[in-house]
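A.B. asks: In this text, residue positions in the sequence shown follow the numbering used here: the first is 19, and each later residue adds one. Glycine residues also receive a C-beta, built at the ideal position from the N, C-alpha and C atoms. These figures come from a predicted structure and were not determined experimentally. This structure is in structure tokens; I'll ask about it shortly.
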Amino acid sequence: MTIITLIIIIIISLIIQSTILPYFSFLGYLPNITLVVVVSIALLKGRYYGGFFGLCIGLIQDILFSTVIGINGFIYFILGFIIGYIQNTINNENLFIPAIFTFVSTIFFNLLYYFFMYFLSRRIDFSIALKHIFSIEILYNCILSVLIYKLLSKIFVVPSLRFGKR
Numbered sequence: 019m020t021i022i023t024l025i026i027i028i029i030i031s032l033i034i035q036s037t038i039l040p041y042f043s044f045l046g047y048l049p050n051i052t053l054v055v056v057v058s059i060a061l062l063k064g065r066y067y068g069g070f071f072g073l074c075i076g077l078i079q080d081i082l083f084s085t086v087i088g089i090n091g092f093i094y095f096i097l098g099f100i101i102g103y104i105q106n107t108i109n110n111e112n113l114f115i116p117a118i119f120t121f122v123s124t125i126f127f128n129l130l131y132y133f134f135m136y137f138l139s140r141r142i143d144f145s146i147a148l149k150h151i152f153s154i155e156i157l158y159n160c161i162l163s164v165l166i167y168k169l170l171s172k173i174f175v176v177p178s179l180r181f182g183k184r
């Protein structure tokens, strides 16, 4: 059941990222919903699901939208695994946690992405790269992270039966 749910989440997030979100650009910046979903899955399900989900969604995103295959998959895998590893030591009930992890992940993702693109002989202007790293995208992602985390936490809740005294 969880794998089917994750596949549906991958498809929905890629469709939203490529079709709906371009209409919500502000000053040319778009939120990165796939990054937010990877962070949320890693916080909710742990390092193995976070890493696997990050790798899958990143590779699909690379195949569909990128000229270089593997960079997004690698970065999303690293983020999903590390955040999933840290997930056991934090309180997942606090809604600031996904926003904080999304803030750090957005910076980390953009730094690594531009780093790899620079070494793959892509023309990168570092002033534009720094502007993009510390941009409105961080604010977009942090706001979306709270909403997506709440939605996914309701999807992945495990029902339990309690008998007896409380």
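1) With respect to the alpha helix (DSSP H) encompassing Val86, which residues constitute its N-terminal and C-terminal limits?
2) By Cβ distance below 7 Å, which residues in the same chain neighbour Ile51 in space, the five residues on each side in sequence not counted?
3) So, under 8 Å CB-CB, Thr120 and Val54 are touching, yes? Tell me the CB distance rounded to an integer number of Å.
4) Given this structure, state the Cα-to-Cα distance separating Ser123 from Leu97, to the nearest angstrom.
5) Express the C-alpha separation of Asn112 and Ile118 in angstroms, rounding to a whole number.
6) Under three-state DSSP, which class holds Phe174?
7) Once DSSP output is grouped into helix, strand and coil, what is the label at Phe70?
8) In the structure shown, what three-state DSSP assignment does Phe44 receive?
9) Are the Cβ atoms of Asn128 and Ile100 separated by less than 7 Å?
10) Can you tell me whether DSSP reads Ile96 as helix, strand or coil?
11) So what does DSSP say about Glu155, is it helix, strand or coil?
12) Residues in its own chain within less than 7 Å of Leu73 by CB, not counting five upstream and five downstream?
13) Closest by CA to Leu130, which one among Phe174, Leu148 and Ile115?
C.D. replies: For this structure:
1) Where Val86 is concerned, there is no enclosing alpha helix (DSSP H), because DSSP gives it neither an H nor an E.
2) Excluding residues within five positions, the ones whose Cβ falls inside 7 Å are Ser31, Ile34, Gln35, Leu39 and Leu162.
3) The pair is a contact, with the Cβ atoms about 6 Å apart (cut-off 8 Å).
4) Between Ser123 and Leu97, the C-alpha separation is close to 7 Å.
5) Annotation: Ile118 to Asn112 spans about 11 Å, alpha carbon to alpha carbon.
6) Three-state DSSP puts Phe174 in coil, outside helix and strand.
7) Three-state DSSP puts Phe70 in a helix.
8) Residue state, collapsed to three classes: strand.
9) By the CB criterion at 7 Å, Asn128 and Ile100 fall outside the cutoff.
10) In the three-state DSSP reduction, Ile96 falls in the helix class (H, G or I).
11) Residue state for Glu155 is assigned as helix, using DSSP reduced to three classes.
12) Here the set comprises Gly91, Tyr94 and Phe95.
13) Closest in alpha carbon position to Leu130, among Phe174, Leu148 and Ile115, is Leu148.
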